[in-house]
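Peer 1:
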Amino acid sequence: MARLALVPKPEPVEARPGEPGWLTSLRVGEAELWARVRAHGDHRREHLSERATYILAETVNWLSDLPPHSIHAIVTDPPYGLIEYDDKNHKKLRAGRGGVWRIPPSFDGAKRQPLPRFTVLSSEEIRALHGFFSAVAFGMLRALVPGGHVFIASNPLLSSMTFHALQGAGFEKRGEIIRLVQTLRGGDKPKGAEEEFADVSVMPRSCWEPWGIFRKPFAGTIAENLRTWGTGGLRRTSTEEPLKDVIHCSPTRGAEKKIAPHPSLKPQRFLRQIVRAALPLGIGIIYDPFAGSGSTLAAAEAVGCCSVGTDRDPQYFGMARSAFPQLAVFPVRERDER
Ligand SMILES: C[S@@+](CC[C@H](N)C(=O)[O-])C[C@H]1O[C@@H](n2cnc3c(N)ncnc32)[C@H](O)[C@@H]1O
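Positions 719 to 1056 (my numbering) are the ones given, in order, by the sequence shown.
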């Protein structure tokens, strides 16, 4: 049952000296909207902090009756190929029996975590993936305010399908963030004939991860949209430096994985940069439709904004409860260790 009693009343928002009226209106609107969004739907939920709520729900279901113009930005790492988080494969992963999840070949004696193999998707499964992301995209488009951005992770094999679904729903593509990260995907020699074809690999070793950037269309100028909705642009890294579309960020390290042992955990160092950039004025609500361990919510807490997440898996819901406070204060290095 939804624990509505725990939803705090919005704080009265005072105008700050010298602040233009439109900025005060945005902050008042944010407080009122936040109280409504975190209470939305009759699902089990956990208020992880005053500014973060995790809802145990199917994404499309929760989004379907969320009133339009409820969310200011979406930052998410969805199931790239869908099948890796379907009941059959997810159960196999938890039982240590593989399915689509495979341990990458070991060459240095280190223990490897299973990674999903996306090369095995049939054309029917790829069509289903497009259908699923179209349904999610229509829900996201409705829920966002005009000019709201979506940052959505994928991989080089499947991103064209996922990104096409968002464009088909009406989003404007605004570029991609290339996360430079060395994974253990790809680069293998032909199976069973490694010595015979020692100079051949079946596909490149993956060294990057695409994050599509999309925006809900809006009327008028960016400046007008920023004043009305607080959205339309991206927050700069500093006054001198815009957000850049290549970010070096090594794989999630052991200490972070110990706090949140989710098989697809994204690192705080990366998520905090994206979450911060997604709200140009630092005002508004971030939504993660596939919240997993709650890492996006923790990143939002760390940069000081409100966030709501949905995930349908009760184990990850439980994981987020214990991981959130630790991830939100997890120390990150300014520069990547490479
Ligand atoms: C790639 S993981 C996200 C991991 C997350 N970024 C983290 O750092 O913990 C995708 C998540 O989507 C969830 N999921 C898959 N299909 C879903 C659906 N239809 N509705 C809600 N959640 C779903 C899975 O349970 C999984 O936790």
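In this text, a Cβ means the ideal position worked out from N, Cα and C, and glycines have one as well.
Judging by CA-CA distance, which residue of Glu-842, Val-899, Pro-864 is the nearest neighbour of Arg-945?
Peer 2: In the sequence shown, the residue the question calls residue 945 occupies position 227. For the residues Glu-842, Val-899, Pro-864, the minimum Cα distance to Arg-945 belongs to Pro-864.
Peer 1: Ignore the nearest five residues each way along the sequence and tell me which others in Ile-870's own chain have a CB closer than 6 Å to its CB.
Peer 2: For the purposes of this step, residue 870 is taken as the residue at position 152 of the sequence shown. Contacts found: Thr-794, Gly-930.
Peer 1: At what residues does the alpha helix (DSSP H) containing Ser-919 begin and finish?
Peer 2: As a first step, residue 919 must be located in the sequence shown, where it is residue number 201. That residue, Ser-919, is in no alpha helix (DSSP H); it is neither H nor E in DSSP.
Peer 1: Can you tell me whether Val-993 sits near ligand 1, meaning its C-beta is under 8 Å from at least one heavy atom of the ligand?
Peer 2: The residue given as residue 993 occupies position 275 in the sequence shown. It does not: the Cβ of Val-993 is nowhere closer than 8 Å to a heavy atom of ligand 1.
Peer 1: Taking the CB atoms as reference points, tell me whether Arg-835 and Ile-1001 lie closer together than 9 Å.
Peer 2: Along the sequence shown, read from residue 1 onward, the residue named residue 835 stands at position 117. Along the sequence shown, read from residue 1 onward, the residue named residue 1001 stands at position 283. No. Outside cutoff.
Peer 1: Hey, would you say the C-beta of Ala-978 is under 8 Å away from at least one heavy atom of ligand 1?
Peer 2: Looking up residue 978 in the sequence shown gives position 260. Answer for Ala-978: yes, Cβ within range of ligand 1.
Peer 1: Name the DSSP beta bridge partners of Lys-891, please?
Peer 2: Position 173 of the sequence shown holds residue 891. The partner list for Lys-891 (beta bridge, DSSP) reads Phe-932.
Peer 1: Are the CB atoms of Lys-934 and Leu-859 within a distance shorter than 9 Å?
Peer 2: The residue labelled residue 859 in the question sits at position 141 within the sequence shown. The residue labelled residue 934 in the question sits at position 216 within the sequence shown. Against a cut-off of 9 Å, the Cβ pair of Lys-934 and Leu-859 comes out as a contact.
Peer 1: Measure how close the beta-carbons of Thr-777 and Pro-1007 come, nearest whole angstrom, since I'm counting them as under 8 Å.
Peer 2: The residue you call residue 777 lines up with position 59 of the sequence shown. The residue you call residue 1007 lines up with position 289 of the sequence shown. Sure, about 4 Å apart at Cβ, within 8 Å.
Peer 1: Run the CB neighbour count on Met-1037, radius 10 Å, all protein chains shown included, and call it buried at 16 or more, exposed below.
Peer 2: For the purposes of this step, residue 1037 is taken as residue 319 along the sequence shown, with counting starting at 1. Met-1037 comes out buried.
Peer 1: For the putative contact between Ala-1084 and Ala-973, defined by C-beta atoms under 8 Å, what is the C-beta separation to the nearest angstrom?
Peer 2: The question about residue 1084 has no answer here: the residues shown for the chain are numbered 719 through 1056.
Peer 1: Going by the C-beta, is Asp-783 closer than 8 Å to any heavy atom of ligand 1?
Peer 2: Looking up residue 783 in the sequence shown gives position 65. No; taking the cut-off as 8 Å, the Cβ of Asp-783 has no heavy atom of ligand 1 nearer than that.
Peer 1: Can you tell me whether Ser-840 is helix, strand or coil according to DSSP?
Peer 2: Counting from 1 along the sequence shown, the entry for residue 840 is found at position 122. Ser-840 falls in the coil class under three-state DSSP.
Peer 1: Would you tell me roughly how many angstroms separate the C-alpha atoms of Ala-720 and Phe-915, rounded to the nearest one?
Peer 2: For this step, residue 720 is matched to residue 2 along the sequence shown. For this step, residue 915 is matched to residue 197 along the sequence shown. Unreliable placement is indicated for Ala-720, whose pLDDT of 41 sits below 50; no coordinate value is reported for it.
Peer 1: Do Glu-732 and Ile-1003 have their C-beta atoms closer together than 9 Å?
Peer 2: In the sequence shown, residue 732 corresponds to position 14, counting from 1. In the sequence shown, residue 1003 corresponds to position 285, counting from 1. Not closer than 9 Å, so no.
Peer 1: Can we count Ser-982 as close to ligand 1, meaning its CB is less than 8 Å from some heavy atom?
Peer 2: For the purposes of this step, residue 982 is identified with residue 264 of the sequence shown, where counting begins at 1. Checking every heavy atom of ligand 1 against the Cβ of Ser-982, one is found closer than 8 Å.
Peer 1: Between Arg-762 and the rest of its own chain, which residues show a CB-CB distance below 6 Å, the 5 nearest in sequence each way excluded?
Peer 2: Along the sequence shown, read from residue 1 onward, the residue named residue 762 stands at position 44. If we look at Arg-762 and ignore the five residues flanking it on each side, its Cβ neighbours are Leu-774.
Peer 1: Grouping DSSP H, G and I as helix and E and B as strand, with all else coil, what is Tyr-798?
Peer 2: If you number the sequence shown from 1, residue 798 lands on position 80. Three-state DSSP puts Tyr-798 in coil, outside helix and strand.
Peer 1: Of the choices Thr-949, Gly-759, Leu-847, whose alpha-carbon is the least far from that of Gly-938?
Peer 2: What you label residue 938 is simply residue 220 of the sequence shown in a count that begins at 1. Checked all of Thr-949, Gly-759, Leu-847; the closest Cα to Gly-938 is Thr-949.
Peer 1: Tell me the start and end of each unbroken beta strand (DSSP E) in the stretch 973-1008 that is at least 3 residues and wholly inside, in chain order.
Peer 2: Counting only runs of 3 or more, we get 1003-1006.
Peer 1: Between the stretch 910-924 and the stretch 848-859, can you find at least three pairs of beta-carbon atoms closer than 8 Å?
Peer 2: No, they do not touch.
Peer 1: Nearest to Arg-769 by CA position, among Tyr-1005, Arg-1030, Lys-909, is which residue?
Peer 2: Locating residue 769 in the sequence shown gives position 51, where the first residue counts as 1. If we check each option's Cα against that of Arg-769, Tyr-1005 comes out closest.
Peer 1: Whose C-beta lies closer than 6 Å to the C-beta of Ala-880 among residues of the same chain, with five residues either side of it excluded?
Peer 2: For the purposes of this step, residue 880 is identified with residue 162 of the sequence shown, where counting begins at 1. This sequence places Thr at residue 880; Ala is not what is there. So the qualifying residues of the chain are Phe-851, Ser-872.
Peer 1: Do you know whose CA, among Arg-903, Phe-1035, Phe-1048, Pro-738, lies nearest Arg-987's CA?
Peer 2: For the purposes of this step, residue 987 is identified with residue 269 of the sequence shown, where counting begins at 1. It is Phe-1048 whose Cα lies nearest to the Cα of Arg-987.
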